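Visitor: What follows is a structure written as structure tokens; I'll ask about it next.
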Amino acid sequence: MISQLLARLRSLWRGLRHRADVEAEMAEEFRHHIALRTEDLISGGRAPEEAARQARLEFGHIESHKQNARASRGLRLFDTIGMSWLDVKLGLRMLRKYPGLSLISVIGMSVAIAIGAGAFGVIDSMLDPTLPLPQGDRVISIQNSNVRNPGNPNRQSLHDFVIWREELTSVKDLGAFMSDRRNLIIPGRGVELVRVAEMTASGFRVALTPPLLGRPLLDEDEREDSPPVVVIAYEEWQRRFAAYPDIIGRQVRLGSELHTVVGVMPEGFRFPINHRYWVPLKLDPDDYQRGGGPALFMFGRLADGVTLDDAQAELTTLGLRTAARYPETHAQLRPRALRYTRPFFDVDSPAIAWAFRAAQLAISVLLVVVAVNVSILVYARTATRAGEIAVRTALGASRRRIVVQLFAEALVLSGMAAAIGLTVAGVALTRIQEFLERASGSNGSGLPFWWDLDLSAGLVGYVAGLAILAAVIVGALPALKATGRRVQAGLQRLESRGSGMQLGRTWTALIVTQVAVTVAALPFAIYVAGETLRGAGTDAGYPAAEFVRARLAMEREEAPPAAHRAAYERAFEARFLDRAGELLRRLDADPAISGVAFASSFPGSEPYERMEVEGRGTHWVFINRVDVEFFSVLDVPIPVGRAFDSADGRDPAHGVIVNRAFAERLFGGVNVLGRRIRHVGRSTGAEPGDVEPGPWLEIVGVVPDFAGQLELRQDLLKVYEPAALADVAPVVSLLLHVRGTPAPALTQRVRQITAAVDPALQLHELRSAADAEREIRRIFAFVALVTAAVLLSVVLLSAAGIYAMMSFIVARRRREIAIRSALGADPRRLLTGIFARASAQLGAGVLVGLLLAAVLRGPVEGKGLLLLPAVAAVMMVVGLVAALGPARRGLAVQPAEALRED
Amino acid sequence: MPDQAELLPGTLDLLILKAVSLGRLHGYGVLLRIEQISGGALQVKQGALYPALYRLEHQGFIASEWGTSHNNRRAKYYRLTSAGRKRLGEQTARWNRLAEAIGRSLAVRPQEI
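Residue numbers (this note's numbering), protein chains in the order written: chain Z, 89 to 990; chain U, 3 to 115.
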């Protein structure tokens, strides 16, 4: 693939760069051919002259062969538009001649292209990746979509799955799976929480990948009475089982059950998403009502000769039949056949896929904006070359020829930007991939097996397209304008002025728009970049380096059969509370752990709710339900009021603790102790009045602001409520204060203690709190970096655009200024006149920008608003400085010199 | 000379790849080799040969180098690349499938339907 691409590029390069050599070689090759044919004909008995004539005749028209040969090398396009290597060379010369303009243009376009390419890479790998499986393009997903609510598919499709498996002919080996997590317990080798695919045996047939050792899952494994078996990934066999040669037949504990290892899949196999352990899916439809049961993902392989549309047609027929037969559950459901990966990113309707493409297009528009800016700069430069254009036109160059030359010059600029942008995007995509791998690896899952962010051929093509688009905007459009009807006038005035191009109203409009957009958009962007950067630098507020954190949960049946669901839930809760309590006691008693606290959320990840503050209206507040020991374990002081006591945890009208921002923003920092608040909406979408208000809760303490959120604002209102284990079950956030720095050995020990209490108890995302904090800060830093890069290119381009336009306009009036000055006009008045006009244009832009900003203000509040006048002032200064230089030069021209110019 | 057949569209590239897979050849040599391996049944139009050679070279399936021919003239020789070898394999398999399917279809008798 790469070698072929290189061959094409080499051939194209030679065809363009060494056209004469290539043509000469071609002629020599043809001559050689004709000579050999002549010799053959002579040896066949023809007279030499006749043989030569016959050979030439057989060979045909040499010139047309040459043309066809050039077309075969992909050069026809260049021949048609008349672009040559000379144009490219001129473009390179222009690059050197105007280094400032070139640098600004290339930087601006590189940033835009890099962002466009990065977005393309990510979106494409979500929408249409290549599945690295044999005939991966034949593997599809199937799901029930709701006609009333297309974005919300119904996955409780066990009964449909049974019907489709029997009846679908366009899809073979229909399979289903659900993901689960279990503790993998190997005696002597520790405990690990692993991701398990409960999958039908047909999954292995769909993947068309035979196991490396042993066997895959078989249909009979799915029977309720079959002994539990597991197939493992090659990497797990190496890592967890030390490549033990007799692995097949060995027993391992996965959560509460012992499983026999029956197979090892080959290296890299992760089907259906990112799984490394596969157990049979054991579900009996009789246990559930129609439309009930666990959520399943379904997939299959298209039968030979069947297209996705054919499969959809058959599914539609089956779906309508089911809807007619079971209207109470299926009236609104329609099965859909989708490209395999789409359900996993919730791209399950054409509208959503289009939304992704639209987002990609919108991101590409950034390049258009940048390119328009560059084209303004280039136009100003082209205007100074009006004389050259006029002379070339007079010497017989067609308009097309000149436009092509200017287009080629722009293509050199955009080509360089594309090369830089592609390199940056390549590095960024690799980094994103590494980051995602690390992030997804830290919770034990890993990336989807098809996820490969890399420079694909499609991506390179997309960037080439962007470069051409940019070259059209940057080069061709100004060129068309510059070579328009005024060329003749330019020629006439050439001798006296060197430029006859008029700018007029178009340019005034451009300046106003440019300034307006910059003034409106910049403060917001600066605010976002600044706040994100601040977020990246914020301290956790508690000694995170001394903590290990995890989410405690317990293995459970995904969807217990309806008949005994209530009893199951009761028993599950009782067992969970008992085991979790026991675990907390054992952890507390461990010599390496100095304190254990639980909460409903980790600090910094609290959900928000609507709460009524007595006498202060309702507000969105971030709420954490915490252990009464929470603040003392976290070493967070309580400067005002008191800590929770054990009575708080039991009282429904308990006291609450708020953060400093709460006290300051709602009560101006005056004593808040004794003030009351209450819940008015449990869910984030609820409005006051939707829900019966809870009891009034009294504020008993104030803690410092700590643990920032992945939000722009750092002064968020936070409320802490005392909680017992039962209030935060079934998923509990645990924070363990350790003596000394957390080491991997400690996390392993915590897992072992947990598994010893109950193998079904699971610790999710078990890691050092400092690592988790660092990861969040890294995201902040990345967002800030991208925003800053965009910001910088926008500022550069806007300032350069405004500078170019203003200086160009004033430069055009240089002669007028000089003559008026010669005629005795007061220089100060002249300058005032020039600046009045420049200021009017800039002022109009600033005004429109401020109005736009007022409309778009949105999240920019407080200090962010102060940026508006600052940005407006900077734009004014840039514009006026641009006007100053040419104006001063105009005044400095000697009157005689100015008159001589006529 | 046996009856000469017109080349089917799209088959010239395959024949050129096959010809150069048997050893490096100059343009005229490719022509003669195709005639030779087809037992004279296939004759390539000389005007079609060079665009096809340049296209295959542009696509990276064959590569060229200058050498000296038997009559001591400078000549351009073509050889198969590894991408070309893969392409030849794929195209040959595809052609065989097609030929077999067409052959099977044409051999069907009324009583077999």
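We put the beta carbon where it would ideally sit given N, CA and C, even for glycine.
Note that the structure is a prediction, hence the values are computed from the model and not measured.
1) Have a look at Z:Leu823, Z:Val874, Z:Leu879, Z:Ile867 and flag the residue whose alpha-carbon is nearest the alpha-carbon of Z:Glu853.
2) Closer than 9 Å by beta-carbon distance: list the chain U residues that pair up with Z:Ser131, in chain order.
3) Would Z:Pro217 pass as a contact of Z:Thr410 if the rule is Cβ separation under 9 Å?
4) What does Z:Leu145 touch in chain U if you count any residue whose Cβ is under 9 Å from its own?
5) Count the CB pairs spanning the region 248-257 of chain Z and the region 326-338 of chain Z that are closer than 8 Å, and state whether there are at least three.
6) Find out if the Cβ-Cβ distance for the pair Z:Ile130, Z:Ile508 is shorter than 9 Å.
7) Using the rule of at least 16 other Cβ atoms within 10 Å of the residue's Cβ for burial, across every protein chain shown, is U:Lys88 buried or exposed?
8) According to the Cβ coordinates, are Z:Ile711 and Z:Tyr808 closer than 9 Å?
9) Going by CA-CA distance only, name the one from Z:Asn362, Z:Arg341, Z:Asp309, Z:Thr348 that's closest to Z:Glu323.
10) Figure out for me which residue from Z:Phe635, Z:Glu645, Z:Asp225 has the closest Cα to the Cα of Z:Ala391.
11) Apart from the five residues just before and just after Z:Ala425, which ones in its own chain have a Cβ nearer than 6 Å to its Cβ?
12) So which of Z:Trp539, Z:Ser193, Z:Leu494, Z:Glu308 has the shortest CA-CA distance to Z:Gly356?
13) State whether the region 652-663 of chain Z contacts the region 780-791 of chain Z, with contact taken as three or more CB pairs (one from each stretch) at a distance under 8 Å.
14) Can you name the residues that DSSP bridges to U:Thr70?
15) Measuring only the C-alpha atoms, how far is Z:Ile211 from Z:Leu262?
16) In or out: Z:Ser314 buried (at least 16 other Cβ within 10 Å) or exposed?
17) Given that Z:Arg125 touches chain U, what residues does it touch there, using C-beta distances under 7 Å?
18) Per the DSSP calculation, Z:Pro368 is bridged to which residue(s)?
19) In angstroms, rounded to a whole number, what distance separates the CA positions of Z:Gln576 and Z:Arg480?
20) Taking only beta-carbon positions, decide if Z:Ala992 is within less than 9 Å of chain U.
21) What separation, rounded to the nearest whole angstrom, lies between the Cα atoms of Z:Ser213 and Z:Pro304?
22) Would you say Z:Glu113 reaches chain U, if we count a Cβ-Cβ gap shorter than 9 Å as a contact?
23) Would a check of beta-carbon distances place Z:Leu100 closer than 9 Å to chain U?
24) So with CB distances below 7 Å, who are the chain U contacts of Z:His121?
25) Give the interface partners of U:Pro53 over in chain Z, defined as CB-CB distance under 8 Å, in chain order.
26) Please report the distance separating the alpha-carbon of Z:Leu499 from that of U:Leu108.
27) My guess is that Z:Ser688 and Z:Arg713 are in contact by the Cβ rule of under 8 Å, so how many angstroms apart are they, rounded?
28) Identify every residue that forms a DSSP beta bridge with Z:Phe432.
29) Quick one, are the C-beta atoms of Z:Val435 and Z:Tyr365 less than 9 Å apart?
30) Along chain Z, in chain order, which residues have C-beta atoms closer than 9 Å to that of U:Ala85?
31) With a 10 Å radius around its C-beta and 16 neighbouring C-beta atoms as the bar for buried, classify Z:Asp990 as buried or exposed.
32) Within the continuous alpha helix (DSSP H) that includes U:Gln45, where are the two ends?
33) Since Z:Ala513 and Z:Gly209 are thought to touch, with beta carbons under 8 Å apart, how far apart are those beta carbons, to the nearest angstrom?
34) Going along chain U in order, which residues have a C-beta closer than 7 Å to the C-beta of Z:Glu117?
35) Going straight from the alpha carbon of U:Tyr56 to that of Z:Arg489, what length do you get?
36) For Z:Gly148, decide whether its Cβ has a neighbour in chain U, counting only Cβ atoms nearer than 9 Å.
Guide: Here's the rundown:
1) Numbered from 1 along the first sequence, position 765 holds the residue referred to as residue 853 of chain Z. For the residues Z:Leu823, Z:Val874, Z:Leu879, Z:Ile867, the minimum Cα distance to Z:Glu853 belongs to Z:Leu823.
2) Indexing the first sequence from 1 puts residue 131 of chain Z at position 43. Correct list: empty, because the minimum Cβ distance to chain U is about 12 Å.
3) Taking the first sequence and counting its residues from 1, the one referred to as residue 217 of chain Z is at position 129. Taking the first sequence and counting its residues from 1, the one referred to as residue 410 of chain Z is at position 322. Against a cut-off of 9 Å, the Cβ pair of Z:Thr410 and Z:Pro217 comes out as no contact.
4) One-based indexing of the first sequence puts residue 145 of chain Z at position 57. Neighbours of Z:Leu145 on chain U: none; closest Cβ ~10 Å, over 9 Å.
5) no
6) Within the first sequence, residue 130 of chain Z is the residue found at index 42, counting from 1. Within the first sequence, residue 508 of chain Z is the residue found at index 420, counting from 1. No, Cβ-Cβ distance for Z:Ile130 and Z:Ile508 is not below 9 Å.
7) For the purposes of this step, residue 88 of chain U is taken as residue 86 along the second sequence, with counting starting at 1. It is exposed - the Cβ of U:Lys88 has fewer than 16 other Cβ atoms within 10 Å.
8) Taking the first sequence and counting its residues from 1, the one referred to as residue 711 of chain Z is at position 623. Taking the first sequence and counting its residues from 1, the one referred to as residue 808 of chain Z is at position 720. Yes, the Cβ-Cβ distance between Z:Ile711 and Z:Tyr808 is below 9 Å.
9) As a working note, residue 323 of chain Z is residue 235 in the first sequence. The candidate whose alpha carbon is nearest that of Z:Glu323 is Z:Asn362.
10) Residue 391 of chain Z sits at position 303 when you count from the first residue of the first sequence. The residue with the shortest Cα to Cα distance from Z:Ala391 is Z:Asp225.
11) Taking the first residue of the first sequence as position 1, residue 425 of chain Z is located at position 337. Closer than 6 Å at the Cβ level, and outside the excluded window around Z:Ala425, lie Ile228, Ile230, Leu396, Ala399, Gln400, Leu403.
12) As a working note, residue 356 of chain Z is residue 268 in the first sequence. The candidate whose alpha carbon is nearest that of Z:Gly356 is Z:Trp539.
13) no
14) On the second sequence, residue 70 of chain U is found 68 positions in, with the first residue counted as 1. Beta-bridge pairing links U:Thr70 to U:Arg76.
15) Locating residue 211 of chain Z in the first sequence gives position 123, where the first residue counts as 1. Locating residue 262 of chain Z in the first sequence gives position 174, where the first residue counts as 1. Cα-Cα distance, rounded: 28 Å.
16) In the first sequence, residue 314 of chain Z corresponds to position 226, counting from 1. Label assigned to Z:Ser314: exposed.
17) Taking the first sequence and counting its residues from 1, one reaches residue 125 of chain Z at position 37. Tyr30, listed in chain order.
18) Numbered from 1 along the first sequence, position 280 holds the residue referred to as residue 368 of chain Z. Bridge partners of Z:Pro368: Z:Met287.
19) Taking the first residue of the first sequence as 1, we reach residue 576 of chain Z at position 488. Taking the first residue of the first sequence as 1, we reach residue 480 of chain Z at position 392. Residue placement at Z:Gln576 is poorly supported in this model, since its pLDDT is 49, which falls under 50; the coordinates are not used for a value here.
20) The first residue shown for chain Z is 89 and the last is 990, placing residue 992 of chain Z beyond what the model contains.
21) Along the first sequence, read from residue 1 onward, the residue named residue 213 of chain Z stands at position 125. Along the first sequence, read from residue 1 onward, the residue named residue 304 of chain Z stands at position 216. The alpha-carbon atoms of Z:Ser213 and Z:Pro304 are separated by roughly 29 Å.
22) The residue you call residue 113 of chain Z lines up with position 25 of the first sequence. Chain U contact via Cβ: present.
23) Counting from one through the first sequence, the residue named residue 100 of chain Z turns up at place 12. True, the Cβ-Cβ gap to chain U drops below 9 Å.
24) Walking along the first sequence from the start, residue 121 of chain Z turns up at place 33. Residues of chain U passing the Cβ test: Gly29, Tyr30.
25) Within the second sequence, the letter at position 51 stands for residue 53 of chain U. Under the 8 Å cutoff, chain Z gives His153, Asn156, Ala157, Ala159, Ser160.
26) Position 411 of the first sequence, counted from the first residue, corresponds to residue 499 of chain Z. Position 106 of the second sequence, counted from the first residue, corresponds to residue 108 of chain U. Approximately 55 Å, taken between the alpha carbons.
27) Taking the first sequence and counting its residues from 1, one reaches residue 688 of chain Z at position 600. Taking the first sequence and counting its residues from 1, one reaches residue 713 of chain Z at position 625. So it is a contact: roughly 4 Å between Cβ atoms.
28) Translated into positions along the first sequence, residue 432 of chain Z becomes position 344. None, per the DSSP bridge assignment.
29) The residue given as residue 435 of chain Z occupies position 347 in the first sequence. The residue given as residue 365 of chain Z occupies position 277 in the first sequence. For Z:Val435 and Z:Tyr365, no; Cβs fall outside 9 Å.
30) The residue given as residue 85 of chain U occupies position 83 in the second sequence. Near U:Ala85 (Cβ distances below 9 Å), the residues of chain Z are Met89, Ser91, Gln92, Ala95.
31) The residue labelled residue 990 of chain Z in the question sits at position 902 within the first sequence. In this predicted model, Z:Asp990 has a pLDDT of only 46, less than 50, meaning its place in the structure is not dependable enough to derive any value.
32) The residue labelled residue 45 of chain U in the question sits at position 43 within the second sequence. Counting along the chain, U:Gln45 falls outside any alpha helix (DSSP H), and DSSP gives it neither H nor E.
33) Taking the first residue of the first sequence as 1, we reach residue 513 of chain Z at position 425. Taking the first residue of the first sequence as 1, we reach residue 209 of chain Z at position 121. Yes, Z:Ala513 and Z:Gly209 are in contact; Cβ-Cβ is about 7 Å, under 8 Å.
34) In the first sequence, the residue the question calls residue 117 of chain Z occupies position 29. Near Z:Glu117 (Cβ distances below 7 Å), the residues of chain U are Gly29, Lys78.
35) The residue labelled residue 56 of chain U in the question sits at position 54 within the second sequence. The residue labelled residue 489 of chain Z in the question sits at position 401 within the first sequence. Cα-Cα distance, rounded: 28 Å.
36) For the purposes of this step, residue 148 of chain Z is taken as the residue at position 60 of the first sequence. Z:Gly148 counts as touching chain U.
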